[in-house]
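In this note's numbering, the protein residues as written are 1 to 121. Where is the CB? At the ideal position from N, CA and C, for every residue including glycine. Structure, as structure tokens:
Next comes the structure, spelled out in structure tokens:
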């Protein structure tokens with residue numbers, strides 16, 4: 001479930017769902033990028049750049065997937081916020097990661113960890 005967080009705290013001090021925070025708020029995009037970057041051992045700026053290294057592409061697509069799963073951001077907004085990409089790119093990322101989490105347990109574990117750290121479901 002999504003929790004409210006206007007000014008994102010450090011990852012170590014994240015409140016999880018049920019800690020008295022509203023469920024109707026999506027985590028800020030920059031906070032999500034910080035969490036994804038930390039899990040993938042990258043810098044948040046790398047997720048916005050044009051690099052096509054497979055590891056960075058996966059991290060970027062996971063960020064788009066997690067943000068889309070909140071149902072609070074449009075694909076247009078997600079794409080623009082993550083390096084000025086098109087809505088089609090964000091839609092593709094959502095579909096690709098959505099399919100892969102059903103067959104790749106390592107990827108699924110990363111997505112679940114990211115969602116728990118940002119307060120996602």
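What does the Cβ neighbour count give for residue i, buried or exposed, with the cut at 16 atoms within 10 Å?
i, result
"residue 81", "buried"
"residue 105", "exposed"
"residue 112", "exposed"
Roughly how many angstroms lie between the CA atoms of residue i and residue j, to the nearest whole one?
i, j, result
"residue 97", "residue 84", "20 Å"
"residue 109", "residue 55", "16 Å"
"residue 78", "residue 117", "19 Å"
"residue 114", "residue 74", "20 Å"
"residue 72", "residue 119", "14 Å"
Please state if the CB of residue j and the CB of residue i are separated by a distance shorter than 7 Å.
i, j, result
"residue 87", "residue 76", "yes"
"residue 32", "residue 66", "yes"
"residue 27", "residue 34", "no"
Tell me, please, whether the stretch 73 to 93 touches the stretch 53 to 64 by the rule of three or more beta-carbon pairs shorter than 8 Å.
In the pairwise beta carbon analysis, the stretch 73 to 93 is classified as touching the stretch 53 to 64: at least three pairs are separated by under 8 Å.
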